[in-house]
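A short write-up of the structure that comes next.
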Amino acid sequence: MLLATCNVHIDLGENYNWTPLSWAAQNGHETVVKMLLDTGNVSIDSKDIYGRTPLSWARKNKHQTLVKTLIDMGSVEP
Numbered sequence: 499m500l501l502a503t504c505n506v507h508i509d510l511g512e513n514y515n516w517t518p519l520s521w522a523a524q525n526g527h528e529t530v531v532k533m534l535l536d537t538g539n540v541s542i543d544s545k546d547i548y549g550r551t552p553l554s555w556a557r558k559n560k561h562q563t564l565v566k567t568l569i570d571m572g573s574v575e576p
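Under the working numbering, the first residue of the sequence shown carries the number 499, and numbering increases by one thereafter.
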C-alpha cells in the first residue's frame, strides 16, 4: 500500500487546509478514515481555514458512524 511503502505526507492540506482525513470524513469514507488514522501520521483534530475538524465535517454531513469512530480514536474537538 502506498501509505506504508512511500514517503507520502498524508497530513498536508491544500488551499483550504483540507487534509486527506478531512476529505474522507466530509464524504463519509469510513475505510479511508480508518486507514489514515491507523498510520499514526495524521492529526485527528486538524482545522481547515474555516476552523472545522474532520469530526465537525462528519457531524455536519450526518456520517454518524464516522463521528463515533473519530471520537473513539481520540478526537476531542467539542
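The beta-carbon is built from N, C-alpha and C at its ideal position, and this holds for glycine as well.
This structure is a prediction, so every number in the text was calculated from the model and none was measured.
Going by DSSP in three states, residue 551 sits in which element: helix, strand or coil?
Three-state result, residue 551: coil.
Going by C-alpha distance, which of 515, 530 and 514 is nearest residue 567?
Measuring from the Cα of residue 567, the nearest candidate turns out to be 530.
If you draw a straight line from the alpha carbon of residue 563 to that of residue 544, how long is it in whole angstroms?
Cα-Cα distance, rounded: 19 Å.
Under a three-way DSSP split, which group does residue 532 fall into?
helix
Any heavy atom of the ligand MN closer than 7 Å to the CB of residue 530?
Looking at this structure, you won't find the ligand MN or any other ligand, since it has none at all.
From the DSSP output, in three-state form, read off residue 543 for me.
DSSP places residue 543 in coil when its eight states are reduced to three.
Assuming residue 551 contacts residue 573 under a Cβ cut-off of 8 Å, what Cβ separation, rounded to an integer in Å, is found between them?
7 Å
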